[in-house]
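A.B. asks: Chains as they are written, first to last, in my numbering: chain D, 5 to 261; chain V, 287 to 504. All residues carry an ideal CB built from backbone N, CA and C; glycine is no exception.
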Amino acid sequence: MSAQKPFIDIRHAKKSFGTLEVLKDINLQVNRGQIVAIIGPSGSGKSTLLRAINDLDPLTGGEIWLEDKQINMDLPHRQYERHINEVRQEIGMVFQHFNLFPHLKVRENVTLAPKMLKGLSDAEANALAEEQLTKVGMIERIDYYPSQLSGGQKQRVAIARALAMKPKVMLFDEATSALDPELVEEVNLVMKQLAEEHMTMIIVTHEMGFAESVCDRVLFMDQGVVVEEGPPEVIFRNPKSERTQNFLRKHLAGQKA
Amino acid sequence: MGLDFSVIPKYLDIVLLGALWTIGITVGAALVSFFGGILLAVIALYAPAIVRWPFRIFSFLFLGTPLLLQLFLIYFGLVQIGIDVPAFVAGVIGLGLHFAVYNSELFQTSILAVDKGQIEAARTLGMSRMQALRKVVVPQAVRDVIPPIGNNMIALLKDSALVSVIGVSELTLSAQRAIGSTYRPFEFYVLVAAIYYIINLGMEAVLRRVERRIQASK
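1. So which residues of chain V does His107(D) contact, with C-beta pairs closer than 7 Å?
2. Alpha carbons only, please: which of Ala464(V), Arg495(V), Thr395(V) and Ile405(V) is nearest the one belonging to Phe291(V)?
3. For Gln394(V), go through chain D and note every residue whose CB falls closer than 7 Å to its CB, in chain order.
4. When you compare the CB positions of Leu347(V) and Leu448(V), do they come within less than 8 Å of one another, or not?
5. Which class does Thr395(V) belong to by DSSP, given the choice of helix, strand or coil?
6. Where does Asn76(D) land, buried or exposed, given buried means 16+ other C-beta within 10 angstroms?
7. By how many angstroms is the C-alpha of Arg111(D) removed from the C-alpha of Asn130(D)?
8. With a cut-off of 8 Å, do at least 3 Cβ pairs link the stretch 318 to 330 of chain V to the stretch 474 to 493 of chain V?
9. Can you list, in chain order, the residues of its chain whose CB lies under 7 Å from that of Ala327(V), leaving out five sequence neighbours each side?
10. Please state whether DSSP places Gly155(D) in a helix, a strand or coil.
11. Quick check for students: name the residue ranges of the beta strand (DSSP E) that lie wholly in the stretch 362 to 440 of chain V, counting only runs of 3 or more.
12. Using Cβ-Cβ distances below 8 Å, what residues of the stretch 395 to 418 of chain V are close to chain D?
13. With a threshold of 8 Å between beta-carbons, can Val454(V) be considered close to chain D, or not?
14. Quick one: Cα of Met5(D) to Cα of Ile432(V), how far?
15. For Phe176(D), which three-state DSSP category applies?
16. Tell me, please, whether the stretch 410 to 427 of chain V touches the stretch 164 to 180 of chain D by the rule of three or more beta-carbon pairs shorter than 8 Å.
17. Flag this pair as touching only if the stretch 128 to 142 of chain D and the stretch 90 to 106 of chain D have three or more C-beta atom pairs under 8 Å; answer yes or no.
18. Can we count Ile75(D) as close to the ligand NAP, meaning its CB is less than 7 Å from some heavy atom?
19. Compute the Euclidean distance between the alpha carbons of Leu175(D) and Ala333(V), then round it to the nearest angstrom.
20. Which residue marks the beginning of the alpha helix (DSSP H) containing Leu353(V), and which one marks its end?
21. Below 8 Å between beta carbons: does that hold for Ala305(V) and Ile485(V)?
22. Is DSSP giving Val451(V) helix, strand or coil here?
23. How many angstroms separate the CA atom of Ser460(V) from the CA atom of Tyr475(V)?
24. Rounding to the nearest angstrom, what Cα-Cα distance links Ile43(D) and Glu232(D) in this structure?
25. Suppose the cutoff is 7 Å on Cβ atoms and the five residues either side in sequence are ignored; what does the same chain contact list for Val378(V) look like?
26. Would you mind stating whether Val191(D) and Arg160(D) have Cβ atoms separated by less than 8 Å?
27. Tell me, which residues are paired with Asp226(D) by DSSP?
28. For the beta strand (DSSP E) containing Arg495(V), list its first residue and its last residue.
29. Could you give the residue range of the alpha helix (DSSP H) that holds Asp539(V)?
30. For the stretch 373 to 387 of chain V, enumerate the residues whose C-beta is nearer than 8 Å to any C-beta of chain D, in chain order.
31. Just the C-alpha distance for Arg338(V) and Met97(D), rounded to the nearest angstrom, thanks.
32. Verify whether the separation of the beta carbon atoms of Gln417(V) and Met120(D) is less than 8 Å.
33. Chain D partners of Val496(V), CB-CB under 8 Å?
34. Val230(D) and Val194(D) look like a contact to me (Cβ under 8 Å); what is the Cβ gap, rounded to whole Å?
35. Using a beta-carbon distance below 8 Å, is Val328(V) in contact with chain D?
36. Alpha carbon to alpha carbon, how far is Gly66(D) from Val238(D)?
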């Protein structure tokens, strides 16, 4: 395994807004089929790192590779746009606030991008939408508008929308943080199912229990650096760093309160 | 000389034909102003400065000068530089562009009001900025701005009377022609006012239907 070339390779990632450094020399390698959780307090840079992977928040330094392709290549603007649009088709992203297209029904939310970008016919796109929506358990709501769905249902549709592009990687940016507690589980189940299918995933989360049960590796970030990383049983049960211990203690206390 | 509405039937066909022209000009100019307004808004918000500035100057000129003068310029002025536009077309273009500038202001506000997460979600799927604007942002912006755009379209209908001065036989000009032969201004102006009002009611009914359809998808 160690000789395997990483699927996603983040090298010396740096990001600053003016004088504020939000990412300070981050390195992260993710192998195909691996599931990595990034945890840490708000403002630690975990979302920024995730959003750098598909260039929503471009880095100010360092490199990000997906297989043998550099994502943040140095290209003239037009060429870069074409390049990044292609790269993004291979990287699915799920947002905290779902960002479903409210003017489109569930079906069109899923079919829009495959039709537009992959040239699928209506029939092909519909079959694809039905397949993906069945997978996330939302097929009965295919002709609903997003406003008619609960938060958990919206997020499952958002996952189906991302999967319809047949991505190689899925990024989850606090996918359950905006949900009512009783709706978290249905989204977690879909994510677990993806894990069982060996989808490569990077998950920014506040759900330590979920991270522990699903992930191969956990990164604890604070103030723009990776403080500690390792298998979940080590990070959660036996963290070496005092900062990790403090964070987890506070976090657990917060959950009980 | 008292009022005598019995002269109306004889000229009703002319007046009704005028009403059709008015509806034609209004629909044509409304379409120009709608799509032109979206285009101007997208240019104002997203085009590089070298494209944006000429359009901004164009917008200022259209906002800052009388519509009547713009119609004169398009119809009588352009002939001199070899562009001969028929009166109807000149009317549609003049009214349409004038209101496109007004609509553009509304579209700009509503495009900016669309949640930033929408464009992010679209771009994450691999869409270009233009694709995201066209399929995701603009449809939502349009949906949110239909009521005020509708008000502009009603103003457009009323301002279409100005097109009579460049000789389009629309409602107002046809009334004047009928008055020219009958010397009955009160009767015909009242008739024409009533017809404008009826067209207006029709437009409002259409707008309400559009708004209801939009509400259903919210």
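C.D. replies: The short version:
1. Pro425, Gln426, Arg429 and Ser503
2. Ala464(V)
3. Residues of chain D passing the Cβ test: none, with the nearest at roughly 19 Å.
4. no
5. helix
6. Label assigned to Asn76(D): buried.
7. 7 Å
8. no
9. Ser390, Phe393, Gln394 and Ile397
10. helix
11. none
12. Asp401, Gly403, Gln404, Glu406, Ala407, Ala408, Arg409, Thr410, Leu411, Gly412, Met413, Ser414, Arg415 and Gln417
13. No, because no Cβ of chain D sits closer than 8 Å to the Cβ of Val454(V).
14. Annotation note: pLDDT 46 at Met5(D) (below 50); position unreliable, coordinate value reported separately. Using only the alpha carbons, I get a separation of about 58 Å.
15. strand
16. Result yes; three or more Cβ-Cβ pairs closer than 8 Å.
17. no
18. Although the ligand NAP was asked about, the structure shown includes no ligands whatsoever.
19. When rounded, the distance between both Cα atoms is 31 Å.
20. Taken as a continuous stretch (DSSP letters only), the alpha helix (DSSP H) holding Leu353(V) covers Leu353 to Phe358.
21. yes
22. helix
23. 10 Å
24. 10 Å
25. Ile311, Gly314, Ala315 and Val318
26. yes
27. The secondary-structure analysis by DSSP pairs Asp226(D) across a beta bridge with Val229(D).
28. Arg495(V) -> not in any beta strand (DSSP E); alpha helix (DSSP H) instead, spanning Pro471 to Ala502.
29. Residue coverage of chain V in this structure runs from 287 to 504, which leaves residue 539(V) outside it and unanswerable.
30. Per Cβ criterion, the list is empty.
31. 33 Å
32. yes
33. The contacting residues do not exist; Val496(V) stays about 14 Å from chain D at best.
34. About 28 Å; that fails the 8 Å criterion.
35. no
36. 29 Å
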